[in-house]
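Undergrad: Questions regarding the structure given below will be posed in turn.
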Amino acid sequence: MTRARVSTRAFQKARQRFFEQGKKENAPCWLCDLPIDYTVKPGSTDESHELDHYVPVSVDPSLQYDPGNFRHAHRICNILRGADPPKLTLGMHSRTWY
Numbered sequence: 001m002t003r004a005r006v007s008t009r010a011f012q013k014a015r016q017r018f019f020e021q022g023k024k025e026n027a028p029c030w031l032c033d034l035p036i037d038y039t040v041k042p043g044s045t046d047e048s049h050e051l052d053h054y055v056p057v058s059v060d061p062s063l064q065y066d067p068g069n070f071r072h073a074h075r076i077c078n079i080l081r082g083a084d085p086p087k088l089t090l091g092m093h094s095r096t097w098y
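The opening position of the sequence shown corresponds to residue 1 in full-length UniProt numbering, with each subsequent residue numbered one higher.
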């Protein structure tokens with residue numbers, strides 16, 4: 001069986017460019033919509049930046065290098081999501097509804 005994910009110099013450069021873009025825009029985590037800590041090395045803490053793939057590489061390896069498939073995420077959010085579909089919320093409630 002072959003591995004779906006391939007780490008190449010080209011992907012490492014794409015990941016670094018994506019990190020720099022997120023840092024410049026102060027992009028929040030696409031899964032929880034909270035701020036990402038761009039001051040620390042990517043992947044070094046739970047709140048640090050990690051490139052997430054909207055369609056997991058295990059589902060479609062051809063999308064690994066597609067920037068349209070990249071999403072900014074917290075390391076912990078990406079770990080908890082795994083290869084499952086995202087559990088996106090509607091955001092903060094305006095008030096308690098009964």
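Think of the CB as a built atom: it goes at the ideal place given N, C-alpha and C, for glycine as much as any other residue. Predicted model only: the values in this text are computed from it and were never measured.
#1: Are the beta-carbon atoms belonging to SER48 and PRO56 less than 8 Å from one another?
#2: Please say whether TYR65 and PHE11 have beta carbons closer to each other than 8 Å?
#3: If you draw a straight line from the alpha carbon of THR2 to that of GLN21, how long is it in whole angstroms?
#4: Apart from the five residues on each side of it in sequence, which residues of its chain come closer than 8 Å, Cβ to Cβ, to ASP37?
#5: Have a look at the DSSP bridge pairing and note the partners of ALA73.
TA: Reading it off the structure:
#1: Along the sequence shown, read from residue 1 onward, the residue named residue 48 stands at position 48. Along the sequence shown, read from residue 1 onward, the residue named residue 56 stands at position 56. For SER48 and PRO56, no; Cβs fall outside 8 Å.
#2: If you number the sequence shown from 1, residue 11 lands on position 11. If you number the sequence shown from 1, residue 65 lands on position 65. Contact flag set, yes.
#3: Numbered from its first residue, the sequence shown carries residue 2 at position 2. Numbered from its first residue, the sequence shown carries residue 21 at position 21. Residue confidence is low: THR2 scores 46 on pLDDT, short of 50, so the model does not pin down where it sits. No coordinate-derived value is stated.
#4: Within the sequence shown, the letter at position 37 stands for residue 37. The answer, listed in chain order, is THR45, GLU47, SER48, HIS49.
#5: Locating residue 73 in the sequence shown gives position 73, where the first residue counts as 1. ALA73 pairs with GLU50.
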